[in-house]
Structure formats: C-alpha cells, structure tokens
Amino acid sequence: MPGGGFAVSAPSGVEFEAKITPIVIISCIMAATGGLMFGYDVGISGGVTSMDDFLREFFPAVLRRKNQDKESNYCKYDNQGLQLFTSSLYLAGLTATFFASYTTRRLGRRLTMLIAGVFFIIGVIFNGAAQNLAMLIVGRILLGCGVGFANQAVPLFLSEIAPTRIRGGLNILFQLNVTIGILFANLVNYGTSKIHPWGWRLSLSLAGIPAAMLTLGALFVTDTPNSLIERGHLEEGKAVLKRIRGTDNVEPEFNEIVEASRIAQEVKHPFRNLLQRRNRPQLVIAVLLQIFQQFTGINAIMFYAPVLFNTLGFKSDASLYSAVITGAVNVLATLVSVYAVDRAGRRALLLEAGVQMFLSQVVIAVVLGIKVTDRSDNLGHGWAILVVVMVCTYVASFAWSWGPLGWLIPSETFPLETRSAGQSVTVCVNLLFTFLIAQAFLSMLCHLKFAIFIFFSAWVLVMSVFVLFFLPETKNVPIEEMTDKVWKQHWFWKRYMDDDDHHHHNIANGKNATV
Numbered sequence: 225m226p227g228g229g230f231a232v233s234a235p236s237g238v239e240f241e242a243k244i245t246p247i248v249i250i251s252c253i254m255a256a257t258g259g260l261m262f263g264y265d266v267g268i269s270g271g272v273t274s275m276d277d278f279l280r281e282f283f284p285a286v287l288r289r290k291n292q293d294k295e296s297n298y299c300k301y302d303n304q305g306l307q308l309f310t311s312s313l314y315l316a317g318l319t320a321t322f323f324a325s326y327t328t329r330r331l332g333r334r335l336t337m338l339i340a341g342v343f344f345i346i347g348v349i350f351n352g353a354a355q356n357l358a359m360l361i362v363g364r365i366l367l368g369c370g371v372g373f374a375n376q377a378v379p380l381f382l383s384e385i386a387p388t389r390i391r392g393g394l395n396i397l398f399q400l401n402v403t404i405g406i407l408f409a410n411l412v413n414y415g416t417s418k419i420h421p422w423g424w425r426l427s428l429s430l431a432g433i434p435a436a437m438l439t440l441g442a443l444f445v446t447d448t449p450n451s452l453i454e455r456g457h458l459e460e461g462k463a464v465l466k467r468i469r470g471t472d473n474v475e476p477e478f479n480e481i482v483e484a485s486r487i488a489q490e491v492k493h494p495f496r497n498l499l500q501r502r503n504r505p506q507l508v509i510a511v512l513l514q515i516f517q518q519f520t521g522i523n524a525i526m527f528y529a530p531v532l533f534n535t536l537g538f539k540s541d542a543s544l545y546s547a548v549i550t551g552a553v554n555v556l557a558t559l560v561s562v563y564a565v566d567r568a569g570r571r572a573l574l575l576e577a578g579v580q581m582f583l584s585q586v587v588i589a590v591v592l593g594i595k596v597t598d599r600s601d602n603l604g605h606g607w608a609i610l611v612v613v614m615v616c617t618y619v620a621s622f623a624w625s626w627g628p629l630g631w632l633i634p635s636e637t638f639p640l641e642t643r644s645a646g647q648s649v650t651v652c653v654n655l656l657f658t659f660l661i662a663q664a665f666l667s668m669l670c671h672l673k674f675a676i677f678i679f680f681s682a683w684v685l686v687m688s689v690f691v692l693f694f695l696p697e698t699k700n701v702p703i704e705e706m707t708d709k710v711w712k713q714h715w716f717w718k719r720y721m722d723d724d725d726h727h728h729h730n731i732a733n734g735k736n737a738t739v
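With the working numbering applied, the sequence shown covers 225 to 739.
Pasting the structure below:
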C-alpha cells in the first residue's frame, strides 16, 4: 500500500551495486511492525466482542440477547454500536490516508511512521483504560488514524530502502506481518478470555507492543534516500544511500533517483492526471480489485471468526481456538504466495483461488442451511469440523491470491507520474469497502442467515470472470514497459492506448521507475 512516492531500479536489467546491509534488514523488520499493528487491530476486535465481560460493560443488550437463546442464532450480535466499535477504525484510517499522502511527501517516510506510532500509542491507552463507549470509540478512531499513516508510509519505505532484487519479497513482508498480527491477536484472545473481569483490557492493551516497536524504530532509522532527495536534501540523500547500499559507488542509483524525482515533481495535479483516458485501465482495475477483495467476504470471516463459530454453536473456547487455526492457515498461505507469485503468475493464482473459494463457500452454506436453524445450533462434531476445514480452505486460497495481489497489482501497474495518487485511491477504496462490510456483516448474517455465504460466493464468481477476461498478466514485466507489452496487447484495454499521447510513455524509458 505505498503512498506518495517513487522508487527506481537500474536501466534495463543492470543491477545497481548493492550489498544487503544489516541496516536495511533492521530497517525493514522495524518498519514492517506497522503491518503487525494493523493485523493485531483487525484480529483483536472479533475476539474481544465475543467476551462476556466486555459485552457486560459496554453492550449489555447484546449480552442479554446472547444468553437468552430464545432469539435467532444468527442475530445474537446484530447491534450497530458493536459494529461501530470494529469499523470506526477503518473510517478514521480512510480519512487519515489523505493527510498521510501529504506528510509522506512533505515530511518524509520516517516522520510519517513516527506520527503513526504516536497515534497508535494514544489509541491503545484510550482502549485499555476505557470507562465508557465514547472512550472506546475514540481509542479506535486514533488507532485508525495510525493505520492510515502507517499503511501509507511503511510499504513505501520498504520498497525504497530495499535493494531491487529482494524488493518483491519485502513488499509482501508487510502483508505477511498483517497476517501474523491477526494470528497473534487470536492467540492473545484465547488466553485473555480466561481472565475475568479484565481480560479484554489486556487484549486491547497488548497492541502497545507493536506500537512501541514502530515508534522506537521510527526514531532510529534513517529516512529513505528517495524521500530526502525529493525534499531537496541531495547531499544527505547521497550519504544515506552509501550507508544502506554498503558501497561508495552509488552515482548511477543516485542519478536515477534525482531524475525520477524531477519527473514526479513536474506532475502538478496527480489526481487530475489519474482521470485521463490513458490511465483509465489501471484506475478501473485498481479500484475493482479493492472492491472485489472485500466482497470475497474475507474480512467478514476474519473479524468475526470467533463470533461466527460461536453462532454456529461452538462454545466460546472452541470458537477462539478455531479462529487461531484460521489465523495460522492465513500466515502459511501468504508464504505460498511469496513463492508462487513470480513463478505461476498473477492470473493463475487468482483464477485457481476463485474456484477454491467458490466451492468452499457453497459447502459452508449448504451445511449451515441444513444443520443450523434459527433455534437449534447443535452442529454435530463431524459437521463442525467440516465447517472449520472449509473456512480454512477458503482462507488459504484467499491468502495466496486476493490478499497480497489486491495490493501488489495496483502498485505495479500505475505509471510513475500517477503512482502516488493511484495508491491513495487504492488504499481509500479498500478501507471504504472494509468499513461498509464490517458495518453491515452482522446485520446481514442476521437477515440472510446461511445465504450470506451464497452472497459472497456469487461475488467470487463475478470477480473470477472479470480476471479471466479483463486482467492482463503482469508477472516479469518491467513497469515502464507495461503500456507496450501489456495494455497495448490486451483485446479490450488497447482501445484506451491512443498513440497520439505516446510521448508520455517515453518519460520513463531508460529511467526504470519501479515499485
């Protein structure tokens, strides 16, 4: 999810001289804690909202409904306030992304990460010490601002500081950390659900660990050379470049960055530029990928896994336990994508996963439709296991396809002059739809019952068809050759690539601008 900025690589396949220096490794591990933080916040809320002590304090009405099993199984948690607790974070992140785009450019990546860390820490204090719903929501909003700033600065920082040859892996490092954060959150909830009455406070407060790591890290790392040069500190930029590349021979890379920076600064209105006809395919694909990523139903499953399993009649312990399993599957499958994405290609992964997700959701819907009625929730042991296995199958296929690729593809298809604006739009659309789904999911579960999985599987069908016909393969294509090799060859998108503005495509020739 890189924000406002640019990264460069050597002209047509020449490697810049670069050792993989300890400072790069440390910087990357440090910066990626931003992903850890995001994952932890996503994962923690589902478990906390199924804890009785938490509900007793803030949502007594939900607790009453949960305990009087007279009501429909699917409607136990249908409460707008409860959904607001989860989703206020995304709304705040969405707003913060635009400010972050500005600070990333003007103040640099490092300061933006520092701001994110500070937001996180204050948010955690509000959450852990919450006395009433207002404090709880304020804390979540502050965490959301942190997410907005971190998701803008961190991936950008990673792709700029990493040597070209390990950049792809480092970029998925962020996504990997998000999944590890979710898993960690599920494990913590599993432990704290046994501590009464303040277990939930511990769950919310432990977010302070990644928050402190990010803040401390941001104090110690150097800003990226790209950022220093972009803000006019040329000499300092060159000095940093020598340090992180572990060599004095940095002239070629330095000149590339200066040149890329000059081009990026000629673009006065990146957002207006984004709307031009020749940028239409990238914009349409980036926006649709974000919408589709949410409509796979993944966040619905991840946020509310404990609540969901609870509704299906697993007891509280078992449902947190199941959530831990899905969290672990998520991490492992993301590792698969790191390996497969440049070998099998983007399209292959998306299409294969589409089939797998579609089938597993249909199976879940059928089992729930037959077994879980409004009142009886005794899903037999065997059936319960089947549901968990299917949820895992589904999560795995998402984690090696739509999960990382939803972020990777937009960041590699936008040309340099619209990349920062394109990325802001990408992040914003993603958080907007995350918010809508988070806000609507529990109500949909209540009204659609098991058909909610049919709803999501229908979307999976739609997006697989879209990928089949409209998404070109972009593996191993240098970014500045995208137009000629990918868009102009595509049966549908080529009509947007008129030759009359060909001079724009040549801006980057020889100046490989790659993220």
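Even glycine gets a Cβ: it sits at the ideal position worked out from N, Cα and C. Predicted model only: the values in this text are computed from it and were never measured.
> If we call anything under 8 Å between Cβ atoms a contact, is N375 one with G271?
Replying inline: On the sequence shown, position 151 is the one that residue 375 refers to. On the sequence shown, position 47 is the one that residue 271 refers to. Contact: no.
> Roughly how many whole angstroms lie between the Cα atoms of R329 and F694?
Replying inline: The count along the sequence shown starts at 1 and reaches residue 329 at position 105. The count along the sequence shown starts at 1 and reaches residue 694 at position 470. About 33 Å.
> What span of residues does the alpha helix (DSSP H) with H749 cover, start to end?
Replying inline: Residue 749 lies beyond the range of the chain shown here (225 to 739); nothing can be said about it.
> Out of curiosity, what's the CA-to-CA distance linking T550 and T257?
Replying inline: For the purposes of this step, residue 550 is taken as residue 326 along the sequence shown, with counting starting at 1. For the purposes of this step, residue 257 is taken as residue 33 along the sequence shown, with counting starting at 1. Roughly 21 Å between the two C-alpha positions.
> Is Q500 helix, strand or coil by DSSP?
Replying inline: The residue labelled residue 500 in the question sits at position 276 within the sequence shown. In this structure, Q500 counts as coil in the three-state DSSP scheme.
> Buried or exposed: which applies to F444, given that a residue is buried once 16 or more other Cβ atoms fall within 10 Å of its Cβ?
Replying inline: Position 220 of the sequence shown, counted from the first residue, corresponds to residue 444. Label assigned to F444: exposed.
>> Rounding to the nearest angstrom, what Cα-Cα distance links L260 and N401 in this structure?
In response: Start at 1 with the first residue of the sequence shown, and residue 260 comes out as number 36. Start at 1 with the first residue of the sequence shown, and residue 401 comes out as number 177. Those two C-alpha atoms are separated by around 5 Å.
> From what residue to what residue does the alpha helix (DSSP H) around N303 run?
Replying inline: One-based indexing of the sequence shown puts residue 303 at position 79. Per DSSP, N303 belongs to no alpha helix (DSSP H) and is neither H nor E.
> For R496, which option in L382, F638 and A645 has the closest C-alpha, if you only look at C-alpha atoms?
Replying inline: For the purposes of this step, residue 496 is identified with residue 272 of the sequence shown, where counting begins at 1. Closest option to R496, Cα to Cα, is A645.
> Sorted by chain position, which residues of the same chain lie with C-beta nearer than 7 Å to Y314's C-beta, five sequence neighbours on each side aside?
Replying inline: The residue labelled residue 314 in the question sits at position 90 within the sequence shown. Cβ within range, chain order: G368, L655, T658, F659 and A662.
> Quick one: Cα of Q585 to Cα of S681, how far?
Replying inline: On the sequence shown, residue 585 is found 361 positions in, with the first residue counted as 1. On the sequence shown, residue 681 is found 457 positions in, with the first residue counted as 1. Distance between the alpha carbons of Q585 and S681: 6 Å.
> Would you call L672 buried or exposed, if buried means 16 or more other Cβ atoms sit within 10 Å of its Cβ?
Replying inline: In the sequence shown, counting from the first residue as 1, residue 672 sits at position 448. Exposed, by the Cβ-count rule.
>> Going by beta-carbon coordinates alone, are T245 and I468 separated by less than 8 Å?
In response: On the sequence shown, position 21 is the one that residue 245 refers to. On the sequence shown, position 244 is the one that residue 468 refers to. Against a cut-off of 8 Å, the Cβ pair of I468 and T245 comes out as a contact.
> Buried or exposed: which applies to F350, given that a residue is buried once 16 or more other Cβ atoms fall within 10 Å of its Cβ?
Replying inline: In the sequence shown, residue 350 corresponds to position 126, counting from 1. Buried.
> Ends of the alpha helix (DSSP H) at S252?
Replying inline: Within the sequence shown, numbered from 1, the residue matching residue 252 stands at position 28. The displayed chain sequence assigns Cys, not Ser, to residue 252. Its alpha helix (DSSP H) spans residues P246 to A255.
>> Taking a contact to mean a Cβ-Cβ separation below 8 Å, would you say F679 touches I588 in this structure?
In response: Numbered from 1 along the sequence shown, position 455 holds the residue referred to as residue 679. Numbered from 1 along the sequence shown, position 364 holds the residue referred to as residue 588. No; because the gap between Cβ atoms is not below 8 Å, this pair is not in contact.
> Who are the Cβ neighbours of N450 in its own chain at under 6 Å, not counting the five residues just before and after it?
Replying inline: As a working note, residue 450 is residue 226 in the sequence shown. Correct list, in chain order: E384 and I481.
> Using 8 Å as the threshold, is the region 303-312 in touch with the region 265-284, meaning 3 or more CB pairs across them?
Replying inline: yes
> Would you say L666 and D302 are within 8 Å of each other, going by their C-beta atoms?
Replying inline: Indexing the sequence shown from 1 puts residue 666 at position 442. Indexing the sequence shown from 1 puts residue 302 at position 78. Yes, the Cβ-Cβ distance between L666 and D302 is below 8 Å.
> How far does the alpha helix (DSSP H) with Y618 in it reach, from first residue to last?
Replying inline: As a working note, residue 618 is residue 394 in the sequence shown. Its alpha helix (DSSP H) spans residues H605 to A623.
> Quick one: Cα of K492 to Cα of Q580, how far?
Replying inline: Start at 1 with the first residue of the sequence shown, and residue 492 comes out as number 268. Start at 1 with the first residue of the sequence shown, and residue 580 comes out as number 356. Spanning the two alpha carbons is a distance of roughly 45 Å.
> With a Cβ-Cβ cutoff of 8 Å, do V348 and L428 count as a contact?
Replying inline: For the purposes of this step, residue 348 is taken as residue 124 along the sequence shown, with counting starting at 1. For the purposes of this step, residue 428 is taken as residue 204 along the sequence shown, with counting starting at 1. Contact: yes.
> Count the other CB atoms within 10 Å of the CB of R502; is the residue buried (16 or more) or exposed (fewer)?
Replying inline: Working through the sequence shown from its first residue, we reach residue 502 at position 278. Label assigned to R502: buried.
> The alpha helix (DSSP H) with M581 in it runs from where to where?
Replying inline: To locate residue 581, count along the sequence shown from 1; it is residue 357. It spans R570 to K595 - the alpha helix (DSSP H) in which M581 sits, taken as one unbroken run.
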